[in-house]
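Asker: First, the structure itself, so that you have it in front of you.
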Amino acid sequence: MRIDRVELRHIKMILVSPFVTSMGTEYDEEHIIVRVDAEGVTGWGESVAEGTPFYSYETVPTAWHILQDFLIPSILGKDIKNVDEAIAAYAKVRGHMMAKAGLEAALWDAFAKTQNISLSKMLGGVRDKVDVGVSIGIQDSVPHLIKKVEGYLAEGYGRIKIKIAPGLDLQFVEALRKEFPDTLLQVDANSAYTLDHIGLFKKMDGYNLQLIEQPLGYEDIYDHSKLQRELKTAICLDESIHSLDDTRAAIELGSCRVINIKPGRVGGFTESKLIHDYCASKNIPVWHGGMLESGIGRAGNVALASLPNFTMPGDISASKRYYKEDIVDPEFVVNPDGTMTVPTGPGIGVEVNMKMLEKVTVKSLAFKA
Ligand code: OSB
Ligand code: MG
-5 MRIDRVELRH IKMILVSPFV TSMGTEYDEE HIIVRVDAEG VTGWGESVAE GTPFYSYETV
55 PTAWHILQDF LIPSILGKDI KNVDEAIAAY AKVRGHMMAK AGLEAALWDA FAKTQNISLS
115 KMLGGVRDKV DVGVSIGIQD SVPHLIKKVE GYLAEGYGRI KIKIAPGLDL QFVEALRKEF
175 PDTLLQVDAN SAYTLDHIGL FKKMDGYNLQ LIEQPLGYED IYDHSKLQRE LKTAICLDES
235 IHSLDDTRAA IELGSCRVIN IKPGRVGGFT ESKLIHDYCA SKNIPVWHGG MLESGIGRAG
295 NVALASLPNF TMPGDISASK RYYKEDIVDP EFVVNPDGTM TVPTGPGIGV EVNMKMLEKV
355 TVKSLAFKA
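Those letters in the sequence shown? Residues -5 to 363, per my numbering, in order.
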């Protein structure tokens, strides 16, 4: 497949409601849409680097720079036989996982379309529906949180995750458990705590949480192993896992019992699959994380989450939970049974709504062979 053209679009989409976490408040989401044209086929990907370096060091400008100056030149005009060949072409670029993952996703889509198969099938998916949950930002009061959770449960979501931060934690967990004793419930700290908070986590251990996501340092693996030893509840790592090697270290050290896979955080679907397979071999369940993606990124997430070891509901919610209008047709919806249907059409299996995409584009640049 000859790579004839690559286009980058810096997009900015307004969230339906502000998303509050221990990292701050997000009102909108900036990402990069990557389009690859190759021999008459168009592939789409989304780089989830954000406007701010608060979740990851990557931002839209850093990802744009790496894409423009290193990743795109390594494949533009070349005849690439498969995704692995493209990855090899830019393998010497260190880090910048979100930049890499955006380009890799567009290539996967293009190759799947060339073979006329769905991305799910090409990745090794085995499910036609995936279990989904919802990630809820920190609310200003317990009654507001309960109301939100009620609404999402009524829509069908099978699992609730709430964001926590020091001082905004136990009271929410306690109230939700009282109100919803049987709901699958998990918390995400986004690295807001230290080992000094061990007493708090021991209290949290009493609420039958499905897992505690990324309580400690955003690159830490060692301190998490100390915390996990003290808890019944599974720790799940998000921020700390950038590769299969990180995953191995975390599992061998006993730092977590569950892994959150986000292709953007680990450099793409290829590394995600390696992590997925390794975790399966170690009986470690994985689930698919989210980065408030547009429908383009979401389509890839749903496809990846159809692999067999994604046995816990993902942070993959309906388009309307994030944005008034999505940039794909059809938009993603949640089925009443708490699942999302995996698209079966070629590649990502949804059409890009060019009018909407144009509306959310802040800046674009095309590279021609
Ligand atoms: O930590 O999982 C996270 C969103 C942005 C950055 C980090 C995280 C999140 C979420 C949202 O929790 C998940 C979603 O896309 O619904
Ligand atoms: Mg997280």
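All C-beta atoms in this analysis are idealised placements derived from N, C-alpha and C, irrespective of residue type, glycine included.
Does ligand 2 have even one heavy atom less than 7 Å from the beta-carbon of E213?
Answerer: Within the sequence shown, numbered from 1, the residue matching residue 213 stands at position 219. Outside the cutoff, so no.
Asker: Sorted by chain position, which residues of the same chain lie with C-beta nearer than 8 Å to A169's C-beta, five sequence neighbours on each side aside?
Answerer: Here residue 169 refers to the residue found at position 175 of the sequence shown. Once the five neighbours on either side are set aside, the close Cβ partners of A169 are V136, L139, I140.
Asker: Nearest-angstrom Cα distance between V77 and F263?
Answerer: Counting from one through the sequence shown, the residue named residue 77 turns up at place 83. Counting from one through the sequence shown, the residue named residue 263 turns up at place 269. Roughly 10 Å between the two C-alpha positions.
Asker: Are S311 and V336 closer than 8 Å when you measure CB to CB?
Answerer: Here residue 311 is taken as the residue at index 317 of the sequence shown, counted from 1. Here residue 336 is taken as the residue at index 342 of the sequence shown, counted from 1. No. Outside cutoff.
Asker: As a quick exercise: from I27, V10, S16, pick the residue whose alpha carbon is nearest that of A360.
Answerer: As a working note, residue 360 is residue 366 in the sequence shown. Nearest option by C-alpha distance: I27.
Asker: Quick one: which unbroken alpha helix (DSSP H) runs of 4-plus residues sit fully inside the segment 177 to 209? Chain order, please.
Answerer: DSSP runs (the alpha helix (DSSP H)) wholly in the segment 177 to 209: 192 to 198.
Asker: How many angstroms separate the CA atom of P279 from the CA atom of N303?
Answerer: Locating residue 279 in the sequence shown gives position 285, where the first residue counts as 1. Locating residue 303 in the sequence shown gives position 309, where the first residue counts as 1. Taking the straight line from one Cα to the other gives about 6 Å.
Asker: Using 10 angstroms around the beta-carbon of E24, count the other beta-carbons present and answer buried if the total reaches 16, otherwise exposed.
Answerer: By 1-based counting over the sequence shown, the position of residue 24 is 30. Looking at its Cβ environment, which holds 16 or more other Cβ atoms inside 10 Å, E24 is buried.
Asker: Given A100, which residues of its chain have a CB within under 6 Å of its CB, disregarding the five upstream and five downstream residues?
Answerer: Within the sequence shown, numbered from 1, the residue matching residue 100 stands at position 106. Cβ within range, chain order: V28, V30, G37, W38, G39.
Asker: Can you tell me whether DSSP reads V128 as helix, strand or coil?
Answerer: Locating residue 128 in the sequence shown gives position 134, counting from the first residue. Three-state result, V128: strand.
Asker: What residues sit near ligand 2, counting only those whose C-beta is closer than 7 Å to one of its heavy atoms, in chain order?
Answerer: Every residue passing the under-7 Å Cβ criterion appears here: D182, N184, E207, Q208, D232, E233, N254, G283.
Asker: Check whether the segment 286 to 299 and the segment 234 to 251 touch, using three or more Cβ-Cβ pairs below 8 Å as the test.
Answerer: Because the criterion of three Cβ pairs below 8 Å is not met, the segment 286 to 299 and the segment 234 to 251 do not touch.
Asker: Should I8 be labelled buried (16 or more other beta-carbon atoms within 10 Å of its own) or exposed?
Answerer: For the purposes of this step, residue 8 is taken as residue 14 along the sequence shown, with counting starting at 1. That one is exposed.
Asker: Considering only DSSP beta bridges, list what C230 is partnered with.
Answerer: On the sequence shown, position 236 is the one that residue 230 refers to. The partner list for C230 (beta bridge, DSSP) reads E207, V252.
Asker: Taking only heavy atoms of ligand 1 into account, decide whether any of them is closer than 7 Å to the Cβ of M92.
Answerer: For the purposes of this step, residue 92 is taken as the residue at position 98 of the sequence shown. No, Cβ of M92 sits at least 7 Å from all heavy atoms of ligand 1.
Asker: Can you tell me whether R153 is helix, strand or coil according to DSSP?
Answerer: The sequence position of residue 153 within the sequence shown is 159, counting from 1. Reduced to three states, the DSSP call for R153 is strand.
Asker: Under 7 Å from any heavy atom of ligand 1, does the C-beta of L286 make it?
Answerer: For the purposes of this step, residue 286 is taken as residue 292 along the sequence shown, with counting starting at 1. At least one heavy atom of ligand 1 is nearer than 7 Å to the Cβ of L286, so yes.
Asker: Measuring straight from C-alpha to C-alpha, what distance separates V42 and G193?
Answerer: Counted from its first residue, the sequence shown places residue 42 at position 48. Counted from its first residue, the sequence shown places residue 193 at position 199. Answer to the nearest angstrom: the Cα atoms are 34 Å apart.
Asker: May I ask you to check if the CB of Y187 is nearer than 7 Å to at least one heavy atom of ligand 1?
Answerer: Along the sequence shown, one-based indexing puts residue 187 at 193. No.
Asker: Where H59 and K357 are concerned, what is the direct C-alpha to C-alpha distance, given to the nearest angstrom?
Answerer: For the purposes of this step, residue 59 is taken as the residue at position 65 of the sequence shown. For the purposes of this step, residue 357 is taken as the residue at position 363 of the sequence shown. One C-alpha to the other measures close to 14 Å.
Asker: Using the beta-carbon count (16 or more within 10 Å), is M348 buried or exposed?
Answerer: In the sequence shown, residue 348 corresponds to position 354, counting from 1. Exposed: under 16 other Cβ atoms inside 10 Å.
Asker: Go ahead and pull the three-state DSSP assignment for A379.
Answerer: The chain is shown from -5 up to 363; residue 379 falls before or after that span and cannot be answered.
Asker: What is the DSSP secondary structure of G339, counted as helix, strand or coil?
Answerer: If you number the sequence shown from 1, residue 339 lands on position 345. Looking at G339 - three-state DSSP - the assignment turns out to be coil, as it is neither helix nor strand.
Asker: If I measure Cβ to Cβ from A104 and keep anything under 6 Å in the same chain, skipping five residues before and after, which residues do I get?
Answerer: The count along the sequence shown starts at 1 and reaches residue 104 at position 110. For A104, where only same-chain residues beyond five positions count, the Cβ hits under 6 Å are V30, A32, V35, G37.
Asker: Whole angstroms is fine: what's the gap from D232's alpha carbon to N295's?
Answerer: As a working note, residue 232 is residue 238 in the sequence shown. As a working note, residue 295 is residue 301 in the sequence shown. Each residue's alpha carbon lies about 15 Å from the other.
Asker: Indicate whether V252 and A228 have their beta-carbon atoms separated by less than 8 Å.
Answerer: Here residue 252 is taken as the residue at index 258 of the sequence shown, counted from 1. Here residue 228 is taken as the residue at index 234 of the sequence shown, counted from 1. Result yes, Cβ atoms of V252 and A228 sit closer than 8 Å.
Asker: In terms of DSSP beta bridges, what is W102 paired with?
Answerer: Position 108 of the sequence shown, counted from the start, is the residue given in the question as residue 102. BP columns for W102 are empty, so no partner.
Asker: Let me confirm a value: R315 is counted as buried when at least 16 other C-beta atoms fall within 10 Å, else exposed. Which label applies?
Answerer: Here residue 315 corresponds to residue number 321 of the sequence shown, with the count starting at 1. Answer is buried; the Cβ neighbour count reaches 16.
Asker: Kindly indicate which three-state DSSP category S68 falls into: helix, strand or coil?
Answerer: Reading the sequence shown from its first residue, position 74 is the one you call residue 68. It is helical.
Asker: Below 8 Å between beta carbons: does that hold for L178 and Q204?
Answerer: Sequence index remark: in the sequence shown, residue 178 carries index 184 (1-based). Sequence index remark: in the sequence shown, residue 204 carries index 210 (1-based). Cβ atoms of L178 and Q204: closer than 8 Å.
Asker: Roughly how many whole angstroms lie between the Cα atoms of G89 and T46?
Answerer: Taking the sequence shown and counting its residues from 1, the one referred to as residue 89 is at position 95. Taking the sequence shown and counting its residues from 1, the one referred to as residue 46 is at position 52. If you take the alpha carbons of G89 and T46, they lie about 17 Å apart.
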